[in-house]
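A.B. asks: Those letters in the sequence shown? Residues 22 to 106, by my numbering. Note that CB positions come from ideal geometry on N, CA and C, so glycine has one too. Nothing here was measured: the structure is a model prediction, and the numbers come from that model.
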Amino acid sequence: MRKWVAKYTAWRSWRRASANRIWLVLALQIEETVAEHPLMGRVAKIVRCKLVQVAMAARALLAVAEVVDLLVVDRAFSLRLVSWS
């Protein structure tokens, strides 16, 4: 059981890190676009604000997913405890 929980925890941390990397890449691409086209500063600000809103919504969804994941792990662990006793 501990092996399974360790693998699951590693997978969750990898998923969180990959989601953060995606948002970092998007932010860097926007910054490069603004640097290449200085006249697009206003448009870039609007896009950046929208991306921040999307990022906040995505992080909220990730938080909900983590809670659901924890509930699933707790449920599976308690079911195994019941089956062992």
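Taking the C-alpha atoms as reference points, what is the distance between V75 and K24?
C.D. replies: Taking the first residue of the sequence shown as 1, we reach residue 75 at position 54. Taking the first residue of the sequence shown as 1, we reach residue 24 at position 3. About 35 angstroms.
A.B. asks: How big is the Cα-Cα spacing for A86 and A38?
C.D. replies: On the sequence shown, residue 86 is found 65 positions in, with the first residue counted as 1. On the sequence shown, residue 38 is found 17 positions in, with the first residue counted as 1. Each residue's Cα considered, the two are about 14 angstroms apart.
A.B. asks: What does the alpha-carbon distance come out to for the pair E53 and D90?
C.D. replies: Within the sequence shown, the letter at position 32 stands for residue 53. Within the sequence shown, the letter at position 69 stands for residue 90. Cα to Cα, the separation comes out at about 36 angstroms.
A.B. asks: Within this structure, are the beta carbons of L72 and A48 separated by less than 9 angstroms?
C.D. replies: Within the sequence shown, residue 72 is the residue found at index 51, counting from 1. Within the sequence shown, residue 48 is the residue found at index 27, counting from 1. Against a cut-off of 9 angstroms, the Cβ pair of A48 and L72 comes out as a contact.
A.B. asks: Alpha carbon to alpha carbon, what distance is there between A81 and R69?
C.D. replies: Taking the first residue of the sequence shown as 1, we reach residue 69 at position 48. Taking the first residue of the sequence shown as 1, we reach residue 81 at position 60. Looking at the two C-alpha atoms, the distance is approximately 18 angstroms.
A.B. asks: Between the alpha carbons of S34 and A27, how many angstroms are there, rounded?
C.D. replies: Translated into positions along the sequence shown, residue 34 becomes position 13. Translated into positions along the sequence shown, residue 27 becomes position 6. Roughly 11 angstroms separates the two Cα atoms.
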